[in-house]
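Presented below is the structure to which this report refers.
Number of protein chains: 4
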Amino acid sequence: MKRANSKKSIKSTSKAIQRSRLVKRTPVDKKTIEDLVAANRILYAQSVLDGYGHVSARHDTIPDRFWLSQSMAPGLVTAGDILEFDLSGEPVDGQGRPTYSERFIHSEIYRRRPDVKAIVHSHSPAVIPFGVTSVPLKPIFHMSGFLGTGVPIFEIREIAGDTDMLVRNPGLGAALALCLGNISLPQVVYRAIYLEVNARLQSNAMRLGSINFLTSEEAKLAAAGNDMHVLRPWMLWKHEIAKKSSA
Amino acid sequence: MKRANSKKSIKSTSKAIQRSRLVKRTPVDKKTIEDLVAANRILYAQSVLDGYGHVSARHDTIPDRFWLSQSMAPGLVTAGDILEFDLSGEPVDGQGRPTYSERFIHSEIYRRRPDVKAIVHSHSPAVIPFGVTSVPLKPIFHMSGFLGTGVPIFEIREIAGDTDMLVRNPGLGAALALCLGNISLPQVVYRAIYLEVNARLQSNAMRLGSINFLTSEEAKLAAAGNDMHVLRPWMLWKHEIAKKSSA
Amino acid sequence: MKRANSKKSIKSTSKAIQRSRLVKRTPVDKKTIEDLVAANRILYAQSVLDGYGHVSARHDTIPDRFWLSQSMAPGLVTAGDILEFDLSGEPVDGQGRPTYSERFIHSEIYRRRPDVKAIVHSHSPAVIPFGVTSVPLKPIFHMSGFLGTGVPIFEIREIAGDTDMLVRNPGLGAALALCLGNISLPQVVYRAIYLEVNARLQSNAMRLGSINFLTSEEAKLAAAGNDMHVLRPWMLWKHEIAKKSSA
Amino acid sequence: MKRANSKKSIKSTSKAIQRSRLVKRTPVDKKTIEDLVAANRILYAQSVLDGYGHVSARHDTIPDRFWLSQSMAPGLVTAGDILEFDLSGEPVDGQGRPTYSERFIHSEIYRRRPDVKAIVHSHSPAVIPFGVTSVPLKPIFHMSGFLGTGVPIFEIREIAGDTDMLVRNPGLGAALALCLGNISLPQVVYRAIYLEVNARLQSNAMRLGSINFLTSEEAKLAAAGNDMHVLRPWMLWKHEIAKKSSA
């Protein structure tokens with residue numbers, strides 16, 4: 006991996022190569038990158054991400070490219086940290102900046118699933134207990150109607166036995182990609198947050214007794230409603246992180 | 006629905022029509038609208054509302070009109086977002102601004118219940134588990150004495166089978182309206198908050214064993230006390246949101 | 006009760022009467038009142054009090070007088086809100102300002118217990134579940150060693166049958182006063198906070214299994230330690246509320 | 006213990022003695038002390054410490070010296086509060102400033118464990134329930150892989166019967182030192198925080214059913230990963246406390 010101070014030597018050797026290799030950020034890209042930075046910071050502010058986890062968005066015009074921050078805490082991400090990646094999971098012009106070990110979650114899903122526009126990887130605190138026990142997450146209110154179709158489980162032990170639990174190569178990413186559903190950026194942020202909310206409510210409700218979940222028809226109808234209204238909280242969450250930054 | 010940019014064309018065609026259709030906000034209205042904005046923001050700050058939910062207040066002098074924000078996150082509501090509605094659930098002069106799908110909760114309750122002065126619709130997090138299990142909410146301390154008369158349940162399945170769970174037409178609103186009790190604006194905010202508090206306490210207390218709830222006589226006496234003192238926390242909560250805004 | 010605007014008429018009639026009736030605040034009083042204001046705001050910031058509850062401190066030199074705020078949310082109390090009370094539970098010169106219904110908790114305890122220097126009345130959220138079930142609060146770690154001697158219970162039903170649950174007259178205050186222990190102002194704030202902490206920990210630990218509480222000898226030794234170190238967190242908590250005020 | 010105002014008399018009597026006794030802070034020390042101050046404030050901001058608890062770091066060049074704040078709330082610690090200690094548990098030049106009763110936790114561990122570089126003592130709220138019941142803490146996700154080797158328990162009753170629970174002399178510190186593992190400063194902060202996170206998740210997951218913990222091999226592999234990435238959240242946490250200070 007080239008070190009950061011080699012940037013000058015690249016610039017001085019060949020401007021032609023530079024032009025073909027550097028990311029040219031169009032106005033459309035700028036909006037996507039802005040939203041991606043917001044998504045990182047919103048998910049941190051909403052306690053879905055902590056110092057770890059990551060969010061990516063597929064390039065608007067080049068389908069085999071996606072945007073993902075260099076390796077750092079999502080709560081600190083700025084536009085200057087966003088790198089362009091290709092489907093091998095490597096940055097197009099990383100300039101030696103560190104990348105997330107688990108970038109293959111993103112590259113392999115984008116590779117196998119052309120319908121996916123954005124991905125969140127988190128250690129969502131209320132969700133983890135459901136990931137390590139056998140209780141399935143189900144939609145407890147209409148805000149998480151999208152859970153009606155079930156939450157797919159990827160069990161890394163089935164693929165690779167004992168590991169450090171990280172999806173740290175394309176093979177593991179490919180195995181994971183077979184599990185997931187399709188999504189845009191405000192949608193993925195909405196779902197990441199309401200997945201966490203549903204998990205918390207479900208856990209609390211289980212203490213009271215048997216839960217009356219949504220039927221699958223109700224979940225389907227509610228999910229269509231969820232998608233129509235994702236911009237309402239998105240405006241609020243963006244406002245909240247803007248306040249935090251200026252405080 | 007007219008688009009926002011048609012406002013200019015209305016103004017230029019007929020000022021006479023404009024005068025009869027536009028909301029004339031009196032000093033009394035201004036106070037109510039100010040309180041309504043505060044109610045929205047307090048309930049968000051107190052985590053009773055999140056990006057969703059809404060609060061309304063009946064017009065002080067025209068009983069078949071009420072105030073409700075355009076469709077947006079309650080935590081961002083300002084006086085300029087408050088629209089005047091009639092009992093059909095439509096804004097008097099909406100000027101194309103989006104309205105909440107569930108505005109019929111408000112219009113139908115105001116229609117059928119002349120004693121009701123204000124309404125909150127929320128997805129109060131500690132309350133939802135009680136809504137999806139069979140444990141009834143009961144007054145665990147005197148602050149929620151108002152729960153002594155029980156919490157009415159509206160089950161949408163009984164009226165409309167499988168739905169997206171939203172009260173999105175007058176028929177569903179009418180069915181809901183048959184359930185509820187009467188209330189003013191600081192009272193409804195107090196009750197929304199202490200309903201949440203009671204639910205949290207009750208859920209936590211259930212873990213310890215059998216609960217010694219208020220008797221119905223104690224609840225009745227305590228409820229009268231609740232109503233007498235709603236302005237004490239109202240001043241605090243208003244102060245808190247004012248600090249938030251200037252930070 | 007005289008109204009606030011009668012202050013001018015008192016001043017103009019008789020300065021002699023005024024001098025004997027008005028509170029003369031000495032430098033010692035000023036320090037106590039400052040600490041009392043801090044105690045109110047700390048307990049609100051630490052979520053032991055919400056919009057309700059109150060804190061008082063006995064007068065430093067006149068044992069049958071005590072300081073208590075006029076009726077308002079503790080989180081908003083300033084030095085100008087502190088009134089001087091006598092043991093009848095009435096303000097010495099209230100000037101029509103509203104008083105807490107439950108001021109008799111304070112007056113009657115100070116009357117019967119000359120060793121008590123300060124009192125907190127709260128609806129401490131993690132403690133309430135223990136008050137409405139039969140699980141006794143016991144010291145789970147050395148920070149709450151003071152619980153080793155048990156937590157006295159005052160059951161209002163035994164004295165007055167069905168009520169609104171408030172200690173709203175001297176008779177009820179007297180019955181309550183028979184239960185309690187002795188305390189200074191930073192001590193009472195420390196205990197109010199660590200009572201809440203212990204309740205939360207105990208409730209959480211009960212989910213894991215049988216708890217290994219402190220023995221009564223350990224509790225006694227730990228309690229002596231608690232008292233010696235109350236100023237350490239007091240400095241932190243005062244710093245925190247000062248930051249809040251200037252933000 | 007000499008009082009703070011004796012500093013001037015030392016300076017005026019003998020500069021030679023002063024030079025040999027005073028702490029000379031090198032640039033390396035300055036960085037360590039800066040990190041130690043940050044560690045104190047991060048652990049308070051992250052609710053691992055409250056008004057109590059402490060963090061220390063071994064001297065970079067003099068192995069039988071370590072840095073520890075004078076006795077105060079960790080959330081208020083500044084560079085000027087950090088004292089240099091020797092392995093007897095006494096400050097090299099304390100100038101009468103108060104020291105923590107439990108400084109022997111630090112001195113005895115540094116004495117017996119040359120591999121240890123930093124120590125946190127806390128009353129971590131989600132961890133305490135595990136300390137007072139018989140449920141062992143185990144790694145529930147890869148972030149706390151370091152728990153794979155088990156959490157050693159020090160039971161003070163076995164050494165000293167009934168006490169006030171404090172490690173207030175070298176004998177108790179020595180008994181405790183026999184239990185622990187080796188660690189650097191960002192590592193110890195990471196582990197203190199993720200121990201708390203794991204405890205909370207484990208407690209919540211237990212409510213759902215039988216937990217599928219990491220195997221010991223997975224834990225070992227994950228632990229190596231934890232250590233490699235401790236700087237990622239460290240940058241975030243430092244940023245957060247810096248914001249808090251300037252707000």
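Chains as they are written, first to last, in my numbering: chain S, 6 to 252; chain B, 6 to 252; chain L, 6 to 252; chain Z, 6 to 252. Note that the Cβ used here is the ideal one computed from N, Cα and C, for glycine as well.
According to DSSP, is residue i part of a helix, a strand, or is it coil?
i, result
"PRO96 (chain B)", "strand"
"HIS244 (chain Z)", "helix"
"SER74 (chain S)", "strand"
"ILE133 (chain L)", "helix"
"ARG173 (chain L)", "coil"
"ASP86 (chain Z)", "helix"
"ARG237 (chain L)", "helix"
"ILE124 (chain L)", "strand"
"SER250 (chain S)", "helix"
"ASP232 (chain B)", "helix"
"SER215 (chain S)", "coil"
"SER139 (chain S)", "coil"
"ASP55 (chain S)", "coil"
"SER149 (chain Z)", "helix"
"VAL156 (chain Z)", "coil"
"ASP91 (chain Z)", "strand"
"SER189 (chain B)", "coil"
"SER221 (chain S)", "helix"
"SER61 (chain B)", "strand"
Can the beta-carbon of residue i be found less than 8 angstroms from the beta-carbon of residue j?
i, j, result
"LEU183 (chain L)", "ILE161 (chain L)", "no"
"LEU203 (chain S)", "ILE145 (chain S)", "What sits at residue 203 (chain S) in the sequence shown is Asn, not Leu. Yes. Within cutoff."
"HIS147 (chain L)", "ASP169 (chain Z)", "yes"
"ALA131 (chain Z)", "SER215 (chain Z)", "no"
"PRO96 (chain B)", "SER76 (chain B)", "no"
"ALA78 (chain B)", "GLY101 (chain B)", "no"
"GLU201 (chain L)", "VAL53 (chain L)", "yes"
"ASP91 (chain S)", "ASP69 (chain S)", "yes"
"ALA123 (chain L)", "VAL235 (chain L)", "no"
"ALA44 (chain L)", "LEU241 (chain L)", "no"
"LYS225 (chain B)", "ALA50 (chain B)", "no"
"THR138 (chain S)", "ASN217 (chain Z)", "yes"
"MET233 (chain B)", "LEU213 (chain S)", "no"
Does residue i have its Cβ less than 8 angstroms from a Cβ in chain L?
i, result
"PRO32 (chain Z)", "no"
"GLN23 (chain B)", "Note that GLN23 (chain B) scores a pLDDT of 38, beneath 50, so its modelled location is shaky; the value from the coordinates is reported in the next line. So no, GLN23 (chain B) is outside the interface."
"ALA197 (chain B)", "no"
"ALA123 (chain B)", "no"
"GLU113 (chain B)", "no"
"LEU241 (chain B)", "yes"
"ALA227 (chain B)", "yes"
Counting only C-beta atoms, is residue i closer than 8 angstroms to chain Z at any point?
i, result
"PRO238 (chain L)", "yes"
"LEU181 (chain L)", "no"
"TYR200 (chain L)", "The sequence as given places Leu at residue 200 (chain L); Tyr does not occur at that position. No, its Cβ sits nowhere closer than 8 angstroms to a Cβ of chain Z."
Cβ of residue i less than 8 angstroms from any chain B Cβ?
i, result
"PHE146 (chain S)", "yes"
"ALA84 (chain S)", "no"
Could you check if residue i belongs to the surroundings of the ligand SAH, using beta carbon to heavy atom distance under 7 angstroms?
i, result
"VAL125 (chain L)", "Ligands in the displayed structure: none, and consequently the ligand SAH is not present."
For a cutoff of 8 angstroms on Cβ pairs, would you count residue i as touching chain S?
i, result
"LEU190 (chain Z)", "no"
"ILE246 (chain Z)", "no"
"GLY178 (chain Z)", "no"
Could you run through the segment 35-65 of chain L and flag, in chain order, every residue whose CB is less than 9 angstroms away from some CB of chain B?
-> TYR49, ASP55, GLY56, TYR57
Three or more C-beta pairs closer than 8 angstroms, one from the segment 165-175 of chain S and one from the segment 106-122 of chain S: is that the case here?
-> yes
Is the segment 149-160 of chain B close to the segment 77-84 of chain B, with three or more CB pairs under 8 angstroms?
-> no
What residues from the segment 149-175 of chain B come within 7 angstroms of chain S, judged by C-beta to C-beta, listed N to C?
-> ASP167, THR168, ASP169, MET170, LEU171
Chain B contacts from the segment 205-221 of chain S (Cβ-Cβ distance under 8 angstroms) | ARG205, LEU206, ASN209, ALA210, ARG212, LEU213, GLY214, SER215, ILE216, ASN217, PHE218, LEU219, THR220
Please list the residues of the segment 127-143 of chain L that have a C-beta atom closer than 9 angstroms to any C-beta atom in chain B, keeping them in chain order.
-> HIS128, PRO130, ALA131, ILE133, PRO134, PHE135, GLY136, VAL137, THR138, SER139, VAL140
For the segment 68-81 of chain Z, which residues have a CB atom closer than 9 angstroms to at least one CB atom of chain L, in sequence order?
-> SER76, MET77, ALA78, PRO79, GLY80, LEU81
Compile a chain-ordered list of the residues in the segment 87-108 of chain Z whose CB is closer than 7 angstroms to at least one CB of chain S.
-> none
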